[in-house]
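What follows is one structure encoded as structure tokens, with my remarks underneath.
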Amino acid sequence: IYANAGGVTVSYFEWAQNMQHFYWDEDRVNDELHRVMRRSFDAIWSEVKRHDISMRMAAYAVGVGRVNQATALRGV
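Throughout the sequence shown, residue numbering follows the working numbering, covering 120 to 195 in sequence.
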């Protein structure tokens, strides 16, 4: 689950750059990817430790939590 996120994240970066007519060099893409993936790993690892669950279950928990938060912010 977590490993696939890197490719999806870079695809999002590409889409966002195209929408705004920006260009990021490879170093910028790698820096942003590292930042996003590190933040995600830290959130997953925190769930592993807090609930004594597997990385897979923690990744699902973090993902569902983020969807719930986004849904609540939208008022849905």
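For every residue, glycine included, the Cβ atom is placed at its ideal position computed from N, Cα and C.
In this text the structure is predicted, and so the values were computed from the model without any measurement.
beta-carbon residue i near the ligand COA non-hydrogen atom, thresh 6 Å
| i | result |
| --- | --- |
| A189 | The ligand COA is absent from the structure shown, which contains no ligands of any kind. |
Nonlocal neighbours in the same chain, by C-beta distance under 6 Å from residue i, ignoring five residues either side
| i | result |
| --- | --- |
| V195 | none |
| Y121 | A178 |
Nearest-angstrom Cβ-Cβ length linking residue i and residue j, presumed shorter than 8 Å
| i | j | result |
| --- | --- | --- |
| L152 | G125 | 6 Å |
| V127 | V148 | That belief does not hold up - the Cβ atoms of V127 and V148 are roughly 14 Å apart, past 8 Å. |
| I163 | M156 | That belief does not hold up - the Cβ atoms of I163 and M156 are roughly 10 Å apart, past 8 Å. |
| A189 | E166 | Wrong, their Cβ atoms sit about 18 Å apart, outside the cutoff. |
Coil, strand or helix - residue i by DSSP
| i | result |
| --- | --- |
| G182 | helix |
| G126 | helix |
| V195 | coil |
| S173 | coil |
| F160 | helix |
| D146 | helix |
7 Å CB neighbourhood of residue i in its chain, flanking five on each side removed
| i | result |
| --- | --- |
| Q136 | Y142, W143 |
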